[in-house]
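Student: Pasting in a structure now, in structure tokens, and then I'll have a few things to ask.
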Amino acid sequence: MSDVGTSGQTPTPSSPDLSQQFEGALTQCPPTNPANNICTAQYEPVCVKTKVGSVVSYRTASNACSACNIPEAVGYTKGECS
145 MSDVGTSGQT PTPSSPDLSQ QFEGALTQCP PTNPANNICT AQYEPVCVKT
195 KVGSVVSYRT ASNACSACNI PEAVGYTKGE CS
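Be aware that the sequence shown starts at 145, since it is given in our numbering, and climbs by one per residue.
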């Protein structure tokens, strides 16, 4: 079972502040592998950048592993989305 760890937050549309937060700090998610989708439960929040079509949004995930298990994830940066 996959833990998406979104802390109950819904994705937020792209904003200049979040876009700037990601400039140069984005860690790319590796290609998803359903066989390796188990993550530990530690809480080390990251802000995930997702893209569906042309819509870019951001949301907080509980950790990097959970972030990259979100199918739409492009990458993440350390810390909660602001």
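All C-beta atoms in this analysis are idealised placements derived from N, C-alpha and C, irrespective of residue type, glycine included.
#1: So for residue 212, helix, strand or coil by DSSP?
#2: Alpha carbons only, please: which of 209, 221, 220 is nearest the one belonging to residue 186?
#3: Taking the beta strand (DSSP E) that residue 169 belongs to, which residues open and close that run?
#4: With which residues is residue 204 paired in a DSSP beta bridge?
Tutor: According to the structure shown:
#1: Residue mapping note: residue 212 aligns to position 68 of the sequence shown, counting from 1. In this structure, residue 212 counts as helix in the three-state DSSP scheme.
#2: Counting from 1 along the sequence shown, the entry for residue 186 is found at position 42. Residue 186 has its Cα closest to that of 209, out of 209, 221, 220.
#3: In the sequence shown, the residue the question calls residue 169 occupies position 25. That residue, residue 169, is in no beta strand (DSSP E); it is neither H nor E in DSSP.
#4: Indexing the sequence shown from 1 puts residue 204 at position 60. Paired residue(s): 191.
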